[in-house]
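Novice: Each protein sequence line maps, in turn, to chains W and R. Residue 580 is where the first sequence starts when you use the numbering used here, and the numbers rise one by one after that. Residue 580 is where the second sequence starts when you use the numbering used here, and the numbers rise one by one after that. We put the CB at the ideal spot given by N, CA and C, even for glycine.
2 protein chains.
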Amino acid sequence: MCAHCNYQNLLEEAGVEPTANRLQVLAVIGGNDAPLTAAEVFSTIERSHPINRVTVYRILDLLVQNRVVERISSGGRAAHFGLAPNKYHAPHPHFCCSRCGAVICLNPDSLSVDADNLQKTFAGEVSRIEVLVEGICRNCLKQRSNH
Amino acid sequence: MCAHCNYQNLLEEAGVEPTANRLQVLAVIGGNDAPLTAAEVFSTIERSHPINRVTVYRILDLLVQNRVVERISSGGRAAHFGLAPNKYHAPHPHFCCSRCGAVICLNPDSLSVDADNLQKTFAGEVSRIEVLVEGICRNCLKQRSNH
DNA sequence: ATGATTATGCAATATAGTTGCATTAACAAT
DNA sequence: ATTGTTAATGCAACTATATTGCATAATCAT
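#1: Just to confirm, is the Cβ distance from G655(R) to C676(W) under 8 Å?
#2: What residue from V648(R), Q698(R), C716(R) has the CA that sits closest to Q603(R)'s CA?
#3: Do we get a CB-CB distance below 8 Å when we pair S691(W) with the residues of chain R?
#4: Taking the straight line between their C-alpha atoms, what separation do you get for A617(W) and H583(R)?
#5: With 7 Å as the C-beta to C-beta threshold (strictly closer), list the residues of the stretch 696 to 721 of chain W near chain R in chain order.
#6: Could you check what DSSP says for L605(R) in three-state terms: helix, strand or coil?
#7: Assign R707(W) to one of three DSSP states: helix, strand, or coil.
#8: Tell me, please, which residues DSSP counts as bridged to L615(W).
#9: For a contact meaning CB atoms closer than 8 Å, what does D686(W) contact in chain R?
#10: Closer than 8 Å is the cut-off here; do at least three beta carbon pairs connect the stretch 653 to 670 of chain W with the stretch 661 to 676 of chain R?
#11: Can you tell me which of V710(R), N631(R), F660(R), G680(R) puts its alpha carbon nearest to the alpha carbon of D640(R)?
#12: Skipping 5 residues on each side, what residues in its chain have a beta carbon closer than 8 Å to that of R650(R)?
#13: Could you work out which residues of chain W lie near S652(R), taking near to mean beta carbons separated by less than 8 Å?
#14: Return the residue from the list Q698(R), S691(R), N585(R), T634(R) that minimises the CA-CA distance to N696(W).
#15: Check the Cβ of C679(R) against every Cβ in chain W and list those closer than 7 Å, keeping chain order.
#16: Hey, quick one: how far does the alpha helix (DSSP H) through E592(R) stretch, first residue to last?
#17: Is DSSP giving I638(R) helix, strand or coil here?
#18: Give the range of the alpha helix (DSSP H) segment to which R717(R) is assigned.
#19: Using 8 Å as the threshold, is the C-beta distance between N645(R) and G610(R) below it?
#20: Output needed for C719(R): all residues of its chain with C-beta closer than 7 Å, excluding positions within five of it in sequence on either side, in chain order.
#21: Taking C-beta to C-beta, are T634(R) and N600(R) nearer than 8 Å?
Structure representation (structure tokens):
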């Protein structure tokens, strides 16, 4: 759904063989405006094309490993997957509704994180900073005020 | 382990009946410098006092609900639990080692988050902002350089 | 004591993810 | 074309984590 993203190129640039299944997984994730769970990716693909659940998990791992896809820890149990930041997609925080479990991408500049001090006080190697905003989404707020 | 925290008071102020099990759970969490999984809390308590696994889950839910304890989404599968921010404990980011799974509390001012724009662009109700730093911890870095 | 409410225990179940091994596909070297 | 090699996928079984429903025990106000 993103005009800039050629999924075939994304995979090749990451050094990942662009098989049909991998392209499907990536297209489903890239075509969604909110990050999806593995189960959602699986059932979406399955509607049009037979694929195994385990294959989806393995492809997701592979794509996360190669930074094509980003694993987002939602408040709930299942991880969510979205396109990893790249030259067309700025890193951005995610919102998790603690009522309905929805995961939503927030505006990249709705929050700014200053990590300058981190290097000074922490001895590990940092690869990624994830910001998770928790609360009640608009829909759930509406429903709650209804009674 | 925290001189300021009286667990009994913490529970009472939160409106939670301070039963023996709840005090144990809270003491184990408060007495640890890094957030623990439910399984870790359970097995720690179990060593000195019989308790059911499910009870631990229920108490953790209750304490999270009442903001005595904070649920931290680590990179891995199991949630981690630490003391929720209160007047003696500033909110702080957490580090997750993607190699060994360790979860570590970072310095409260190692990262600063500016959420001013969030209200302007987001219609939900925000209750909490969680910052998760992912990477390789010091120990794993050492081990890796050993061969 | 009696009854109501809350907390805990126990067994069963659900959910998410992983593993081991078999099969198939892709492709290079004869 | 045939063979061998590697990579990708499928399938079944399994593991880890968390949740549920219902029974029992504890607590507390009458």
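Specialist: In short, the structure shows the following:
#1: Against a cut-off of 8 Å, the Cβ pair of C676(W) and G655(R) comes out as no contact.
#2: The shortest Cα separation from Q603(R) among V648(R), Q698(R), C716(R) belongs to V648(R).
#3: Cβ-Cβ to chain R under 8 Å: yes for S691(W).
#4: So the alpha carbons of these two residues sit roughly 43 Å apart.
#5: Flagged, chain order: N696, L697, T700, F701, A702, G703, E704, V705, S706, R707, I708, E709, V710, L711, V712, E713, G714, I715, C716, R717, L720.
#6: Correct three-state label for L605(R): helix.
#7: R707(W) falls in the strand class under three-state DSSP.
#8: L615(W) is bridged to F660(W).
#9: According to the sequence provided, residue 686(W) is Asn. The question's Asp does not apply to it. At a beta-carbon threshold of 8 Å, the residues of chain R lying near N686(W) are N696, T700, F701, ordered along the chain.
#10: Too few Cβ pairs lie closer than 8 Å, so no.
#11: It is F660(R).
#12: Within the same chain, and ignoring the five residues on either side of R650(R) in sequence, the residues whose Cβ sits closer than 8 Å to its Cβ are L639, V643, A658, H659, F660.
#13: Contact note: S652(R) reaches chain W through S652, S653, G654, L711, using a C-beta cutoff of 8 Å and chain order.
#14: Cα-wise, what sits closest to N696(W) is S691(R).
#15: Close partners of C679(R) in chain W (Cβ separation under 7 Å) are lacking, with about 11 Å as the shortest Cβ gap.
#16: Residues 586 to 592.
#17: Note: I638(R) maps to helix in three-state DSSP.
#18: Taken as a continuous stretch (DSSP letters only), the alpha helix (DSSP H) holding R717(R) covers 717 to 724.
#19: In terms of Cβ geometry, N645(R) and G610(R) do not form a close pair [threshold 8 Å].
#20: So the list reads C676, R678, C679, once near-sequence residues are dropped.
#21: Yes. Within cutoff.
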